[in-house]
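Here is the structure we will look at, set down as structure tokens.
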Amino acid sequence: MGVNIREIVELRETNLGDLSGKIVAVDAYNTLYQFLSIIRQPDGTPLADSSGRTTSHLSGLIYRTTNLMEAGLKLVFVFDGKPSKLKADVIKARSERREAAMQKWEEAKVLFPKDAFKYAQASTRIDATIVADAKTLLTFMGIPYVQAPSEGEAQAAYMAQNGDAELVSSQDYDSLLFGAPITIRNLSSPRKKAKLELVELKALENTQGIIREELIDIAILVGTDFNEGIKGVGVKRARKLIKKHRCIENILKSEAAIDTSAGIENYRLVRELFLHPDVTESYDELKWGTPDAGKIKELLCEVHEFSEERVGKALEKVLIRERGQKSIEQWL
Amino acid sequence: MFKAKIDSTMLRECIESLTAIVDEGKFRLTESGLKLRAVDPANVAMVSFELQRDAFDLFQFAAEEASSEAESDSKAELELGLDFVKFLGILGIGGRDEIELELDENVQKLYTRMGSLAYTISLLDPSSLRKEPKVPELEFPVQVILETEVFRRTIRAAEKIGDHIVLGVDGEMFYMETEGEMDKLRLGLRKDQLILLTPGTVHSLYSLDFIVAMSKGMSHVENITLNLGKDYPLRLDFEVAEGKGKVSYLLAPRIENE
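Line by line, the protein sequences give chains P and B.
FYI, the numbering used here numbers position 239 of the first sequence as 239, with every residue one higher than the one before it.
Counting from 1 along the second sequence, just add 1000 to a position and that's the residue number in the numbering used here.
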């Protein structure tokens, strides 16, 4: 998913403690996708209650998110709206891949149990129920969310540019292209030891002299969710081309081997989509509330059969502040 | 370069004092020994730890030569990122032998040997760990020194009753008080029942979760020093490694909002 430009971006490691007090706009779909694909049983079956309703996403939300809240992060989830028309091909391909993976998973469960998990992960999908569940739980947890008109990452990046958030959390690098000043990766990873990486747009400019517009052109050459990219052009080659010519127009003029017929036909549209994505300026003022332990337990423990003890412990960490617990920082 | 030998029971007690607050952290290694300062994920409790070199049976240390001129003023010090919970487990399987430690900075591994057991620990990248916290400047009006066992016993009882505890001094009396939904507990000790007490009138409320964790970090300690104030953090100090190590816990209070 997203653009693979990891090789050229500047990554800086960080840790949870240093993010205390920061407002983080979370790419909700990306995060739910991670929860759903990783939080599974060994044979790849997602967590579910006894009625067969998937609960992997709720498990991720309650346990991982409370860890982040405990560390003092203020999260706002940003949900995808309608996908851009340019994404139609990608969506179709993804859904075919998912179907294929689903079939392979069914086979593998019986024949090659070792591979089952991998196929199961590839069959992950997010449906309306999952989104609705997630929104309900977030509300109970006192975490605000914003509904994006189109791409969630674009909306999150806009909010960061607007100063309403300090970081955008996503596993993709698309948020950079959408103009997020700082993106954080692995924040929502349910794997505890996953390293937190910060990617700063400014750092890329300072160290490599690549500005956002140029990064977008590099991504288009390599391929994005909205265009295929040129076959045989990897991220390093693309960077070389852009460093030499500065933009796709110039490349087309001077490099005979590259023309628009090869996967970058719509480059102007794609560039426009990254530079001026469909976002909304009219989202509610972000407000963080106190988690409602009663409602959370009712939803998770009574309806979905979560362990009362484990949910209680997770909430305890967050609610400790509500009962007057001070932080050492107040005496610094 | 770092190479050391130390009594493994002694080292275990040191690490246990850390895991009371944090699961992982970074030691600062210098010529004079080991140091660490870390806060818990919620910024409620802090541990400061120091172990002198003469607590070790062997202690060899040399900081890496500064690799470039820009770093030439860097201090003679190494950082060692460690998963303490894991380390404690390793010390557990090693038994009571002396433990040998050797650091390989290049591959970020710590080689350990206890008797016939060799265990190579992958170190944690220090940049992935929290920065060392600042220490608040605090002035405590009151100090109490008492036997650890009395304190620990009271905490164990309090834990069964409620989720918070008052520590206070009233005149020449030190007290600990917990009230739950059903029961109530109060321990009062006069000055002559304590090792030391500065008279005063203060009390603060603390979360028992943290105090319980701390009391597990000092199970082999004879005496502890409590530094108290009114609605103020608690500083709890004690010595480890036969007086060659120092541990200091800081705990932010709970303040009841009406």
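We put the beta carbon where it would ideally sit given N, CA and C, even for glycine.
Check the Cα spacing between Ile130 (chain P) and each of P:Phe35, P:Glu285, P:Gly223, P:Ile5: the tightest is with P:Phe35. A contact is defined here as three or more CB-CB pairs under 8 Å, and the region 1175–1189 of chain B fails this definition with respect to the region 1120–1132 of chain B. Here Thr54 (chain P) carries a strand assignment [DSSP, helix/strand/coil]. For the region 61–74 of chain P, the residues whose beta carbon sits under 8 Å from a beta carbon of chain B are, in order, Asn67, Glu70, Ala71, Gly72. Not flagged as an interface residue toward chain B: Ser150 (chain P), since no C-beta distance is shorter than 8 Å.
Taken through DSSP and simplified to helix, strand or coil, Gly152 (chain P) comes out as helix.
Asp217 (chain P) and Leu176 (chain P) have their C-alpha atoms spaced approximately 12 Å apart. Leaving aside the five residues that flank Lys1035 (chain B) on each side, the residues in its chain whose CB is nearer than 6 Å to its CB run, in chain order, Arg1028, Glu1050. In terms of Cα proximity to Tyr1111 (chain B), the closest of B:Ile1090, B:Asp1163, B:Gly1095, B:Pro1126 is B:Ile1090. The three-state reading of DSSP puts Arg1130 (chain B) in coil, since its state is none of H, G, I, E or B. For Met141 (chain P), there is no enclosing beta strand (DSSP E); the residue is part of the alpha helix (DSSP H) that begins and ends at 128–141. As DSSP reads the structure, Phe226 (chain P) sits in no beta bridge. By the beta-carbon neighbour count (other beta carbons within 10 angstroms, threshold 16), Gln155 (chain P) is buried.
Between Val76 (chain P) and Leu275 (chain P), the C-beta gap is not smaller than 8 Å, which leaves the two residues out of contact. Judged by DSSP in its simplified three-state form, Glu197 (chain P) adopts strand. At a cut-off of 8 Å between C-beta atoms, Pro1253 (chain B) counts as an interface residue with respect to chain P. Contacts between Glu13 (chain P) and chain B, judged by CB atoms closer than 9 Å, involve Asp1125, Ser1127, Ser1128 in chain order. The Cβ atoms of Val1169 (chain B) and Thr1201 (chain B) lie closer than 8 Å to each other. In this structure, DSSP gives Ser1207 (chain B) an extended state, which the three-state scheme calls strand. By the neighbour-count criterion, in which a residue is buried when 16 or more other Cβ atoms sit within 10 angstroms of its Cβ, Leu111 (chain P) is exposed.
In this structure, Leu68 (chain P) keeps its C-beta atom at 8 Å or more from the C-beta atom of Ser56 (chain P). Listed in chain order, the positions of the region 129–156 of chain P with a beta carbon within less than 9 Å of a beta carbon of chain B would be empty, since no residue qualifies. Residues of the same chain with a CB within less than 6 Å of the CB of Ile210 (chain P), apart from the 5 flanking positions on each side, are Leu204 in chain order. If you draw a 10 Å sphere on the C-beta of Pro1199 (chain B), you find fewer than 16 other C-beta atoms in it, and that means exposed. Out of P:Thr31, P:Val311, P:Gly312, the CA that lies nearest to the CA of Val168 (chain P) is found in P:Thr31. Only residues of its own chain outside the window of five on either side were considered, and among them Ala314 have a CB closer than 6 Å to the CB of Tyr63 (chain P), listed in chain order. For Ile182 (chain P), the enclosing beta strand (DSSP E) starts and ends at 182–185. Interface residue (Cβ-Cβ distance to chain P less than 8 Å): Ala1042 (chain B) is classified as such. Under the rule that a run must span 3 or more residues, the beta strand (DSSP E) segments found entirely inside the region 1162–1229 of chain B read 1164–1171, 1173–1179, 1184–1190, 1200–1207, 1223–1228.
Assignment of beta-bridge partners to Ser1048 (chain B) by DSSP yields B:Arg1037, B:Ser1248. One finds nothing in chain P with a Cβ atom closer than 9 Å to the Cβ of Pro1141 (chain B); even the nearest lies about 15 Å away. The region 306–326 of chain P and the region 1010–1025 of chain B do not touch, with fewer than three beta-carbon pairs separated by less than 8 Å.
Exposure of Glu272 (chain P) is indicated by the presence of fewer than 16 other C-beta atoms within 10 angstroms of its C-beta.
Of all residues in the region 1170–1200 of chain B, none places a beta-carbon less than 8 Å from a beta-carbon of chain P.
Taking the beta carbon of Leu1138 (chain B) as reference, the chain P residues within 7 Å of it are Trp331, listed in sequence order. Under a criterion of Cβ atoms nearer than 8 Å, the residues of chain P adjacent to Leu1250 (chain B) are, in order, Ile328.
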